[in-house]
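Those letters in the sequence shown? Residues 1495 to 1698, by this note's numbering.
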Amino acid sequence: MPEAAADALEHLRRVDPILGTVIDRVGPYRLERRRAGTHYDALVRSIVFQQLSGKAAGTIHRRFCALYPRNRPTAELVLKTEEGRLRAAGLSRQKIAYLSDLSARVADGSLPLAHLGRLSDDDVIAHLVKVKGIGRWTVQMFLMFRLGRPDVLPELDLGVQTAIQRAYGLRKRPKPKDVLKRGAKWRPYASVASWYLWRSLESK
């Protein structure tokens, strides 16, 4: 996220008064990057959390991490873990397959991760969607919450779509292409706009 959040908010209010009212209603900008652990840890967490409520996913993620020394799974250790133990932690067979594919690629060096912070947003997406179970949305969350990129607009996100529908009084939830069109004016701070849209769903 941009260090000078005030600049981002000033820009968003100026180019989009409706979003400005959302910003005023939500309050201070408080998005925090997930700096702990490695990029691998962050991708594992993303896979575990897919299509689950935060509470349920958090429980499964803790059980999964507890299988490993110091609660730190590595690609090599995950590949050696029996499926039964992973299932007992609460992981579905599908997610086990996703974690196995990610781990195999990291372990054999075909998916290097250390350099991701030096790549463009589009190159990070192209690099990571090679993994089973990691699509565009998952990488966008990685860009925003792990790498702290300021200009990510997750057009596939249902929360962003719903928030736009409510804020702008639309009859229907906008399609991804409509989200991109409407959000073009938010650049280069689309991540900040997205965060406010998500938070707007929590306020009455």
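Cβ coordinates follow ideal geometry from the N, Cα and C atoms, glycine included.
Query raised in the report: For G1627, which option in G1521, Q1545, G1603 and D1501 has the closest C-alpha, if you only look at C-alpha atoms?
Result: If we check each option's Cα against that of G1627, Q1545 comes out closest.
Report task. Counting only the same chain and skipping the five closest in sequence on each side, list residues whose C-beta sits under 7 Å from that of R1469. Result -> Any property of residue 1469 remains undetermined from this structure, which presents the chain solely from 1495 to 1698.
**Report entry** Helix, strand or coil at E1570 [DSSP, three-state]
**Finding:** Of the three classes helix, strand and coil, the one that applies to E1570 here is helix, per DSSP.
**Report entry** Range covered by the alpha helix (DSSP H) that runs through I1517
**Finding:** Unbroken alpha helix (DSSP H) run through I1517: P1511 to V1520.
**Report entry** Euclidean distance between Cα positions of C1559 and R1566
**Finding:** Using only the alpha carbons, I get a separation of about 6 Å.
Requested in this report: State the start and end residues of the unbroken alpha helix (DSSP H) segment that holds P1670.
Outcome: For P1670, the uninterrupted alpha helix (DSSP H) segment begins and ends at P1670 to G1677.
Query raised in the report: What is the C-beta distance between W1680 and V1654, in whole angstroms, given that I count them as a contact (C-beta under 8 Å)?
Result: A Cβ-Cβ distance of about 11 Å is found for the pair W1680 and V1654, leaving them out of contact under the 8 Å criterion.
Query - Proximity winner among A1569, L1571 and V1542, relative to R1557 (alpha-carbon distances) - result: Each of A1569, L1571 and V1542 was checked against the Cα of R1557, and the nearest Cα belongs to V1542.
Report task. Return helix, strand or coil for L1647, following the three-state DSSP convention. Result -> L1647 falls in the coil class under three-state DSSP.
Query raised in the report: Do P1648 and Y1683 come within 8 Å of each other at the CB atom, strictly closer than that value?
Result: No.
**Report entry** Test item: CB-CB of L1641 and L1596 under 8 Å
**Finding:** No, they are not a contact pair.
Query raised in the report: Should P1606 be labelled buried (16 or more other beta-carbon atoms within 10 Å of its own) or exposed?
Result: Exposed, since its Cβ has fewer than 16 Cβ neighbours within 10 Å.
Report task. Return the residue from the list R1519, S1540, V1520 and G1521 that minimises the CA-CA distance to R1528. Result -> The shortest Cα separation from R1528 among R1519, S1540, V1520 and G1521 belongs to S1540.
Query - Proximity to K1624 [Cα-Cα], best of V1600, K1574 and S1688 - result: Comparing Cα-Cα distances from K1624 to each of V1600, K1574 and S1688, the minimum goes to V1600.
Query raised in the report: Shortest alpha-carbon distance to L1674 belongs to which of A1583, V1646 and E1504?
Result: When the alpha-carbon of L1674 is set against those of A1583, V1646 and E1504, the nearest one is in V1646.
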